[in-house]
Amino acid sequence: ATVAQGFILGGFIKGITVDGRVFAGGAFDWLSPFSILVAISLLLGYVLLGACWLFLKTGGETQEFSRKWAKRALIGVLVAMGAVSLATLSIDPRVTERWGVSMTSVDFGTFWYLVPIPTLAGVLIYMLWKDLSNRTLKPEWRPYLLTVGIFLAGYTGFAVSLFPYLVPFEITLWDAAARDNALGLMLVGAVIMLPTILIYTAYVYKLFWGKVNLEDGYHG
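In terms of this note's numbering, the sequence shown is residues 109 to 328.
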């Protein structure tokens, strides 16, 4: 499922062929070297996320196992984020113009405003590596939150690259917006459902809070 999600995301970022607001591409437009790269990158990201969650929820040998895999995955994520970032610049001239960065030059006047995004990602990766290298780390939830931060930084970079397109590089957010009455109906549903989901999620987290121990009987 993760690899499929990566193929979808990679195909989406690369762009979809649209003619008169109707899909005009082929059945395998999603398959490209770029989408394969994104799929591998996302897989590494989820390995890191899962390993850090396991590190948070377990102890002993299992926690040490998750620590080792988290460090391995973090190296892969660092390389993958760099590769995807460079590959994204080659997708469309508008992405290069947005960031002010090309393979041959840098427009510092443009790039300066966006420097905080890759800088934040780099700082979070460094902090996560230090935490995973600390065998007496407290609190143990920090690696997981740092990983979430790395994901958010990466998706923020994608959002900056593609804005204002909802369907790159054919349909903008404003072109795809529904009628005002439909948006109003969706807002009512969101106002009702979002708090319900948040309350339920908070309850589940509280219910399963803490580490999993052998005495709990989950191991069957």
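Glycine residues also receive a C-beta, built at the ideal position from the N, C-alpha and C atoms. This structure is a prediction, so every number in the text was calculated from the model and none was measured.
Where residue i sits in the DSSP three-state scheme
i           : result
residue 127 : strand
residue 307 : helix
residue 196 : helix
residue 299 : helix
residue 164 : helix
residue 274 : strand
residue 227 : helix
residue 280 : strand
Contacting residues, own chain, Cβ-Cβ under 7 Å from residue i (five flanking each side not counted)
i           : result
residue 215 : 208
residue 281 : 272 and 274
residue 110 : 150, 151 and 154
residue 307 : none
Nearest to residue i (by Cα), restricted to the options the options
i           : options               : result
residue 225 : 263, 254, 253 and 212 : 263
residue 255 : 165, 309, 182 and 218 : 182
residue 116 : 145, 126, 128 and 287 : 145
residue 250 : 313, 260, 232 and 307 : 232
residue 222 : 237, 128, 205 and 283 : 205
residue 247 : 126, 186, 163 and 148 : 163
residue 159 : 212, 172 and 148      : 172
residue 257 : 227, 283 and 285      : 227
residue 234 : 243, 148, 217 and 186 : 186
residue 128 : 284, 242 and 312      : 284
residue 236 : 219, 218, 217 and 259 : 259
Beta-carbon contacts of residue i that lie in its chain and below 6 Å, excluding the five residues immediately before and after
i           : result
residue 184 : 152
residue 210 : 204
residue 265 : 225
Pair within 7 Å by beta-carbon distance, residue i and residue j
i           : j           : result
residue 319 : residue 122 : no
residue 142 : residue 195 : yes
residue 156 : residue 191 : no
residue 317 : residue 252 : no
residue 240 : residue 180 : no
residue 138 : residue 119 : yes
residue 229 : residue 261 : yes
residue 130 : residue 278 : no
Contact test: residue i Cβ vs the ligand ZN heavy atom, cutoff 6 Å
i           : result
residue 169 : Among the components of this structure there are no ligands whatsoever, and the ligand ZN is therefore not found.
Cut-off 8 Å between Cβ atoms - residues of its own chain near residue i, not counting five sequence neighbours on either side
i           : result
residue 312 : none
Does the structure place the segment 193-210 close enough to the segment 264-282 that three or more beta carbon pairs sit under 8 Å?
Taking one beta carbon from each stretch, the segment 264-282 and the segment 193-210 have 3 or more pairs nearer than 8 Å; the two touch.
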